[in-house]
Every structure is written in structure tokens, then in C-alpha cells.
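Working notes for the structure below.
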Amino acid sequence: MEPTVETWPLIAALLLTAAMGGALWLFHRQVARDKQDADNRVARALASARKAAGKLSKAEGSRRWARAQLQLAMLLTRAGGHEYDGNQLGEALEILAATIPVLEAKGMTGERATALYYRGRAEWEIAMREPDGARLEAAVETFRHLLEHRPWPRHLLHSVVMTLPAVILVDLGQRRDDRAMIEEGVALCREAVTVARRRIAVEWCIAYRNLCHCLTILGHHAGDSGLLEEAVAAGREAAGAIRPAKDPGQWIISHICLGHALCTLGELGGDAGKLQEGIAVLEEIRRSNDPAMEHESRMLVAQPLAGALIAIGRLTGNRVALRRARQELIVAQKVFDRSGRYFARAEAERMTGLALASLGAIEKDPAARREAEARYRAALELFSAAGAIRQVDETEAALRALDDAPAADGLPGLPFTPFYVVR
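Right under this line is the structure:
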């Protein structure tokens, strides 16, 4: 049959669709190949480090032995944190426990500082997968010990290291309803930005985005819009310091901190414009086609975007936003379950409860409210096991409000701490 005038556009559309499908397949194939190549490089580096460390005896107590052990522990910490592996992180901690005394005895001050830094990172990574977070305190003490190091090693960014115990203190303060602990973390971050160097983009970015993160938590905890406005200013400073092509991971995290600060400010003041601005910042991350950013954005954006959508859905009665938030939280739950993020999983459970409770109130849907109750109870169980005093009280209040609130705006909102990646 000869193609007619009417069939040419259809043929062209089919060819274009096929071409787009082929391009998408090639893109995903390249992403998978890049990831496989990166995994292979890590595996080869670990094998090489094990071989080098195995050739030397601790009995010699040599500098070469200590450096080989440190190199292996560094690689194990990086590998165990990127795709969580508790065995690798545990092995790194065992190696560092044996190596740090030798580094101290040999006067290897730069290597000792590096060992403390990686011990703190490994402790933090493991603690974020444990229900009670007890090991978070150990990580804080390790970083404090490192900050006492004199002279300061030039290969570690001082202002960045200062903010690491700060972020952990804010996390612990949230769980324990301890405002003094949160304020201590904020004070550390304030000090960090005074010594950060603008010419080193990653240092400037991390110092300001961790200040943004900590101020947002304190501002919500205290109901202080001034602190939240300061958090937004710090977030803008961080987001403008780094280019996505140069460091996609830091670019994503700084934009998440800014988006969360804007949305928290908008929620506190009932400002739909600020909420929309925060959502736009978070959605900008999703629009990138950079394969290096796909994994990071998929892992990090879902929870804060869901929180923003819940806030604007409750403020404006937007059912579409609440349903979309529910879908984002399904993604977040899968990430947290796969990576073993116990506390983040509990946060996502109660956020899901709030989204469903709000939908149930707007649509007068008892089934949604019953599912919301189930989600709240699941979150309550997790928070109780973690000894998270504030979250337990907030979740219990949300459960009580389910039967009393006639509308979505009568339900208490719930703050949350964004999923944090140890860098």
C-alpha cells in the first residue's frame, strides 16, 4: 500500500518515538555501565589495598604498616558508606582501633588526623542504621577529638569538619527534644562559616549548607521565623557556591537544604509563595539529565519534596499535591528500606500518615484515615524503640487528632529531619 498524505505524519511520529526509546535505552545502559565501572574500580582498589596491607606485619610496628592499614580503612569506609555495607564499615573501625595508637606513637600527626576523620565517618554511617542512635554520640566525640588536633592538617578542611558533629548534635537534639543540644550544633556551624574560604567552593558550600540544615531544624523547633530566614540566606549562599557539573552530589544536597528551609519557613508562616519556591528548588534537581546525578537525586529528593507537597496540600486543600506526596514517600520508603535507614524510615511513616490523614479529612474518606492511623502507629513503634522523645509525643498527638479534626487544617503538622548523606 502506498503511503498517503495522512499516513506520513503517523509514520514520522512512530519513527521519532522509536528513536527516543532507543536513546533512552542507550542512556540507561550507559548509566548502568558507569556504575558497574565505578564498582569495579572500588573492588580493584580494595583488593590492592588488602594485598599491600597483608604483606606487612604489625609486629614490626612500622610506618609502612600503619600507612597501609590506614589506606585500607579509608577505602572500606568509602565503599561501605556509598552502598551501605556494615561489614566493611565494621572492619574499617577494627583496623582504625589498632592503627591509631601506632600512628600516635610514631608521631604521624597527619595520618592520625585522617584516621580520626574516617573513624568518625564510619561510626556515623553505622549509627544512622541503628534504631537507638547510641553510636551517634561516639561519632560526635571522635570529631571533637579531631577538632582538638594541633597543628591542623592542611588536607582536611577545618570548617567542614567543624560542621560534622554539629549536624549529629542537631539530629540527637531533635530526637531527645533537647534544644540546648540543637543550639550547640548551630553555634558550631556559625563558627565554621567564619573560617570557611570562599575560594574553595566545596568548603564554602558545605559550611553554609550545614548551617542552613541546622538553622532550619532549630527554627522549626523554636517556631522562630527569623532563624528560618537566616537558614534560607545560608542555603542560597551554599547553592550558589557550587556548579552541578563540578560536584553534583554537593550541588544536590545544598539545593535540598535550601528547598527544605524555604518550605519550613512557608509552612510556619502559612506562605504558599515560599512553599512553591521551595518546591521549585527541589524539582530543579529532578530536571537534570546528568547520569552522575540520577542516583543521588533519586535517593535524596523524594522525602523533602514530599514534605513540601504535604505542607502546600494542607495549606491550600490541594488533593493532587497530597496524592503526589504519597507517591514520593513510597519512593523514599524503598530507599530507606534498602539502605537500612531506620530513623528515616520512621520519619517517612509518619509523613505518610499525615498525607493520608489530610486527604481523609478533605475527602471525608474513612478508609484513608484508617490507613493514616496504621502509619502513625508504625511510626510510633519505631520512634519508641529509638527513644525519640519528641517524635513519640508528636506522633501520639497526631493519633489523638485523627478523630477530633474535622478538616485537614485541624490536624497538627509534623516537622521532619531530611535524610542526610555522610560526606
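Under the numbering used here, residues -15 to 407 are what the sequence shown spells out, in order. The C-beta atom is built at its ideal place from N, Cα and C for all residues, glycine as well.
Open item on the list: Quick check on the burial criterion: 16 or more other C-beta atoms within 10 angstroms. Buried or exposed for Glu187?
Closed with: buried
Open item on the list: Rounded to the nearest angstrom, what separates Leu141 and Val179 at their Cα positions?
Closed with: 10 Å
Task: Three-state secondary structure assigned by DSSP to Ser46 - done: coil
Task: Touch test, the stretch 370 to 387 against the stretch 328 to 336, Cβ-Cβ under 8 Å, three pairs minimum - done: yes
Open item on the list: Let's see if you can read the secondary structure: which residues bound the alpha helix (DSSP H) around Asn194?
Closed with: Ala185 to Ala206
Task: Cα-Cα separation, Leu131 to Ala81 - done: 18 Å
- [ ] Tell me the start and end of each unbroken alpha helix (DSSP H) in the stretch 210 to 241 that is at least 4 residues and wholly inside, in chain order.
- [x] Here no run is fully enclosed.
- [ ] Have a look at Ala290, Gln53 and Gln234 and flag the residue whose alpha-carbon is nearest the alpha-carbon of Ala31.
- [x] Gln53
Open item on the list: Rounding to the nearest angstrom, what Cα-Cα distance links Gly291 and His204 in this structure?
Closed with: 13 Å
TODO: Assign Pro149 to one of three DSSP states: helix, strand, or coil.
DONE: In this structure, Pro149 counts as helix in the three-state DSSP scheme.
Task: Pair within 8 Å by beta-carbon distance, Ala123 and Trp136 - done: no
- [ ] Assign His139 to one of two classes, buried (16 or more other C-beta atoms within 10 Å of its C-beta) or exposed (fewer than that).
- [x] exposed
Open item on the list: Suppose you measure from the CA of Gly324 to the CA of Ala363; what does that come to, to the nearest Å?
Closed with: Near 15 Å, if we compare the C-alpha coordinates of Ala363 and Gly324.
Open item on the list: Please tell me whether Glu347 and Leu386 are closer than 8 Å, where the distance is taken between their beta carbons.
Closed with: It is not a contact, given that the beta carbons lie outside the stated cut-off.
Task: Residue interval of the alpha helix (DSSP H) (run including Trp408) - done: Nothing about residue 408 can be reported from this structure: the residues present for the chain run from -15 to 407 only.
TODO: To the nearest angstrom, report how far apart Arg96 and Ile294 are at their CA atoms.
DONE: 46 Å
Task: Selection from Gly253, Arg47, Trp235 and Glu251 that minimises the alpha carbon distance to Leu266 - done: Minimum Cα-Cα distance from Leu266 among the listed residues Gly253, Arg47, Trp235 and Glu251 corresponds to Trp235.
Open item on the list: Report the CB separation of Ala76 from Tyr102 in whole angstroms; it is logged as a contact under 8 Å.
Closed with: 7 Å
- [ ] Examine the ligand NAD and report whether any of its heavy atoms sits within less than 7 Å of the Cβ of Gln158.
- [x] By its list of ligands, the structure shown contains no ligand whatsoever, and the ligand NAD lies outside what it can speak to.
Task: Beta-carbon proximity list for Arg408, same chain, < 6 Å, skipping 5 on both sides - done: In the structure as shown, the chain begins at -15 and stops at 407. Residue 408 is therefore absent and cannot be evaluated.
- [ ] To the nearest angstrom, report how far apart Val26 and Phe367 are at their CA atoms.
- [x] Whole-angstrom Cα-Cα distance: 35 Å.
Open item on the list: Restricting to runs no shorter than 4 residues, where is the alpha helix (DSSP H) found entirely within the stretch 58 to 102?
Closed with: 70 to 89
Task: CA-to-CA distance, Ala176 to Pro350, given in whole angstroms - done: 50 Å
TODO: Compare the beta carbon distance of Cys241 and Gly219 with 8 Å and say whether it is the shorter of the two.
DONE: yes
TODO: Assuming Leu395 and Ala389 form a contact by the criterion Cβ under 8 Å, report the distance between their Cβ atoms to the nearest whole angstrom.
DONE: 5 Å
TODO: Determine the burial state of Asp155: buried for a count of at least 16 other Cβ atoms within 10 Å of its Cβ, exposed for fewer.
DONE: buried
Open item on the list: Going by beta-carbon coordinates alone, are Ala245 and Gln287 separated by less than 8 Å?
Closed with: no
Task: Neighbour-count burial assignment, Asn71, 16 or more Cβ in a 10 Å radius - done: exposed
Task: Ala150 and Asn194 closer than 8 Å at C-beta - done: yes
Open item on the list: For a test of the three-state rule: what should DSSP assign to Ser41, helix, strand or coil?
Closed with: Reduced to three states, the DSSP call for Ser41 is coil.
- [ ] Could you give the DSSP three-state label for Leu299: helix, strand or coil?
- [x] helix
Open item on the list: Considering only the alpha carbon of each residue, which of Ile84, Leu59 and Asp231 lies closest to Leu73?
Closed with: Leu59
Open item on the list: Are the CB atoms of Ala339 and Leu306 within a distance shorter than 8 Å?
Closed with: yes
Open item on the list: Classify Asp321: buried if its beta carbon has 16 or more other beta carbons within 10 angstroms, exposed otherwise.
Closed with: Asp321 is exposed by the Cβ-count criterion.
Task: Integer-rounded CB distance, given that Leu148 should sit under 8 Å from Glu168 - done: In fact, because the Cβ distance is near 13 Å, the residues do not count as touching under 8 Å.
Open item on the list: According to DSSP, simplified to helix, strand and coil, what is Gly157?
Closed with: helix
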